[in-house]
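Below is one structure; the comments refer to it alone.
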C-alpha cells in the first residue's frame, strides 16, 4: 500500500468517528454537497485545507452521488520555500492541485502597510470567487472547522458587540450563483492535529508575508486569545465548547433585547407593546 493510501485509510478507519463521521454529518445535515455540483476546494497549505481536500476526494470516489471537484491553491505571494512545501505535501497526499498566482500581498502592503490583514482577507476572497467562476464551479469549499466556529462566536461578542458566527454555507453577495461551504464545520481542531501527527505530515503553519516580515505575532492575535480562554474554561467544564456551539442555534427570541435581519433592526419592545 502506498503512503498516500495509508493516510487516506486513517481518515475513514482510525479517525472515522472524529473526522470522517463528523465530515459526513455536516455534509448531510447542512446539505453542503449535491449531485452534479462542481466544487473548487481551496487549499492554503495548512492542515485544515489539505484534510478537507482528502475528505472531499474520498467522498468523490466512493460517495453515492456524482460531483466534480477542483483542488486549487492561490499563491498570494508566498515565499519560494513555502510554495515548495505546499507542492511537496500535495505529492505526498497524491493530490492533483492547480496553483494560480496573484499579487495580493504586494497590493495589500502598498495600500495599508500598517494594517494589511483585513484588506488581504477581502482580496483573497474576491480572487477565489473569480477563479471559481473561471473554472465553472458553483461552490467553493473552505477548511474552517468546529473551533473556528466557536471562536468566531466569542470574538463577535467580545470585540464586535454582536452575536454571530460562521455559517456552514452561504450565498456569495457579489458573485451570482456561487455558494461557499464549510464541510469540516463539525470537526474539532485537536482531531485534525492528531491525524496530522499520526501520519507525520508537515504542513505550513502560517505563510503570511506580514507575519514573517512585520513581526505580527500570531500568538498575540485576538483569535488566539479566545482559543486560550476556551481551553482554560474547558478544564473546569468539559462541555464548554459544545455549549458555545449549541447556543448559536438555540437562541430564545423571547429573551433578547433585539436582533437584526436583512439589515432591519428589531427590538423586544415591539412584541412587548403588542401584549399591552
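Numbering (the numbering used here), first residue to last: 847 to 1122.
Where is the CB? At the ideal position from N, CA and C, for every residue including glycine.
Quick caveat: nothing in here was measured; it's all calculated off a predicted structure.
Neighbourhood of residue i by C-beta distance below 7 Å, restricted to the same chain and skipping five residues each side
| i | result |
| --- | --- |
| residue 947 | 921 |
| residue 1079 | 1086 |
| residue 1049 | 891, 892, 893, 896, 935 and 1042 |
| residue 1114 | 1102, 1103 and 1104 |
| residue 906 | 913 and 915 |
| residue 995 | 1011, 1012, 1031 and 1091 |
| residue 1023 | 984 |
Own chain partners of residue i with C-beta closer than 6 Å, once the 5 adjacent residues on each side are dropped
| i | result |
| --- | --- |
| residue 985 | 883, 885, 1025 and 1027 |
| residue 945 | 919 and 921 |
| residue 1008 | 1002 |
Selection from the options that minimises the alpha carbon distance to residue i
| i | options | result |
| --- | --- | --- |
| residue 943 | 895, 907, 910 and 990 | 895 |
| residue 970 | 1084, 1108, 890 and 1034 | 890 |
| residue 862 | 1104, 1040 and 1049 | 1040 |
| residue 1091 | 1120, 1117 and 1000 | 1000 |
| residue 887 | 934, 851, 941 and 857 | 941 |
| residue 853 | 1099, 1100, 1093 and 1043 | 1043 |
| residue 865 | 1036, 1084, 933 and 1094 | 1036 |
| residue 992 | 871, 1004, 881 and 1099 | 871 |
| residue 1071 | 1005, 879 and 902 | 1005 |
| residue 908 | 974, 925, 855 and 875 | 855 |
| residue 928 | 1051, 1047 and 1119 | 1051 |
Integer Cβ distance of residue i from residue j, believed to fall under 8 Å
| i | j | result |
| --- | --- | --- |
| residue 916 | residue 981 | 5 Å |
| residue 1010 | residue 1018 | With a Cβ gap of about 18 Å, residue 1010 and residue 1018 do not count as contacting. |
| residue 1029 | residue 987 | 6 Å |
| residue 1086 | residue 1097 | 18 Å between Cβ atoms; not a contact. |
| residue 869 | residue 1033 | 6 Å |
| residue 849 | residue 938 | 7 Å |
| residue 979 | residue 1021 | 6 Å |
| residue 919 | residue 932 | 6 Å |
| residue 911 | residue 877 | Wrong, their Cβ atoms sit about 12 Å apart, outside the cutoff. |
| residue 1073 | residue 997 | 6 Å |
Strand pairing of residue i, partner residues [DSSP]
| i | result |
| --- | --- |
| residue 887 | 917 and 987 |
| residue 1027 | 987 and 1015 |
| residue 1113 | 1104 |
| residue 944 | 918 |
Contact set for residue i: own chain, Cβ-Cβ below 8 Å, skip 5 residues either direction
| i | result |
| --- | --- |
| residue 857 | 865, 866, 897, 900, 901, 904 and 1041 |
| residue 1112 | 1104, 1105 and 1106 |
| residue 1069 | 997 and 1001 |
| residue 1099 | 1105 |
| residue 1045 | 852, 853 and 856 |
Test: residue i CB closer than 8 Å to a CB of chain D
| i | result |
| --- | --- |
| residue 1002 | Included in the structure is just one protein chain, with no chain D present. |
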